Amino acid sequence: MAVLAHYKVAKNPPRRQVSVDSIESDHNAFEFLPALEQFLVSQWGRKRLIRPTRSDQFDVYNHLYVTSGPSVISGHGQSFQKIRASPKIATRGRKAEIPARFDTVFVKDEERPCTSNRGYILSPHRGMQVAQVRVIFRLPEQFGAFVHPLAYVEWFTALQRRDPVTGLYIVTRSTRNRRRNASVISIDRIDRACHLQGRCGREIGKDWSAESILEKATSFFVNSYIDLDTFLSLE
724 MAVLAHYKVA KNPPRRQVSV DSIESDHNAF EFLPALEQFL VSQWGRKRLI
774 RPTRSDQFDV YNHLYVTSGP SVISGHGQSF QKIRASPKIA TRGRKAEIPA
824 RFDTVFVKDE ERPCTSNRGY ILSPHRGMQV AQVRVIFRLP EQFGAFVHPL
874 AYVEWFTALQ RRDPVTGLYI VTRSTRNRRR NASVISIDRI DRACHLQGRC
924 GREIGKDWSA ESILEKATSF FVNSYIDLDT FLSLE
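In terms of our numbering, the sequence shown has 889 at position 166, counting the first letter as 1, and numbering is strictly consecutive.
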């Protein structure tokens, strides 16, 4: 069945039959099984649930492309944003190690839509949540048919608090029972990329880098200056 979507993925996932152990260790997706079970229950109910186990295997993508535009704000045509969820690739011969990359995104909030029942646009960011994408995968057939690939994501707190100086939104990691709050979602809920900047005090941690900042920092600015559309949607 043809599906109209605002994303693109590879025709065939490049990583086939990946074990749950590898997903957990390579992607730091330690809540993968309970998050997937929760998603399956939300789709088909507990009576039809086939519970995922550690022996299951999954076909995994390294990235997806989200389409945006054409923009009525900037006048730009349709564009593509690459969203990565790729684990570290170790050194091979003369090829240097490639660091892991798990991008952050704006996700459409199913419980807080940005439009009213009559179709009027409310605040654009009202219906958005910030999340980090850890795994992009296909749902194996034994669990049921689902038209879109899925993503395991870790949530950040809601867009409610602003920095009094910069006016930027401030978010932190969302937690549940002292663990990162994670979910499995359909990738058609991913709206666009989100750029987070680590908040620092008087000194920047010496262990901060482009690869480690999302793990080392405890709070973040949501960078609304990354492009005009994001700026206007968050103001």
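Beta carbons are placed, not taken as given, at the ideal position from N, Cα and C, and that holds for glycine. No experiment lies behind these values; they were computed from the predicted model shown.
Where do the N-terminal and C-terminal ends of the beta strand (DSSP E) with Ser858 fall, by residue? Correcting the residue identity first, residue 858 is Val in this sequence and not Ser. Looking at the DSSP string, the run of the beta strand (DSSP E) that includes Val858 is 851-860.
Taking Cβ positions, are Met851 and Asp826 nearer each other than 8 angstroms? With contacts defined by Cβ atoms closer than 8 angstroms, Met851 and Asp826 do not form a contacting pair.
Count the other CB atoms, across all protein chains shown, that sit within 10 Å of the CB of Asp950; report buried if there are 16 or more and exposed otherwise. Residue environment analysis places Asp950 among the buried positions, since at least 16 neighbouring C-beta atoms fall within 10 angstroms of its C-beta.
Quick one: what does DSSP say Ser748 is sitting in, helix, strand or coil? For Ser748, the three-state secondary structure derived from DSSP is helix.
Secondary structure, beta strand (DSSP E): runs of 3+ residues fully inside the segment 905-930: Whole beta strand (DSSP E) segments, 3+ residues: 905-909, 913-916, 919-921.
Would the segment 861-869 count as touching the segment 915-927 if we require 3 or more Cβ pairs under 8 angstroms? Flag = no, the segment 861-869 and the segment 915-927 do not touch.
Among Ser778, Asn735, Arg738, Pro737, which one has its Cα closest to the Cα of Leu756? Of Ser778, Asn735, Arg738, Pro737, the residue nearest in Cα terms is Ser778.
Exposed or buried, which one is Thr895 when buried takes at least 16 other CB atoms within 10 Å? Around the C-beta of Thr895, fewer than 16 other C-beta atoms lie within 10 Å, and the residue is accordingly described as exposed.
Going by other Cβ atoms of all chains shown within 10 Å of its Cβ, with 16 needed for buried, is Glu820 buried or exposed? By the C-beta density criterion, Glu820 is exposed, having fewer than 16 other C-beta atoms within 10 angstroms.
With Asp952 as the anchor, note down where its alpha helix (DSSP H) starts and where it stops. 951-957 is the span of the alpha helix (DSSP H), which, as asked, contains Asp952.
Helix, strand or coil for Lys939 per DSSP? It is helical.
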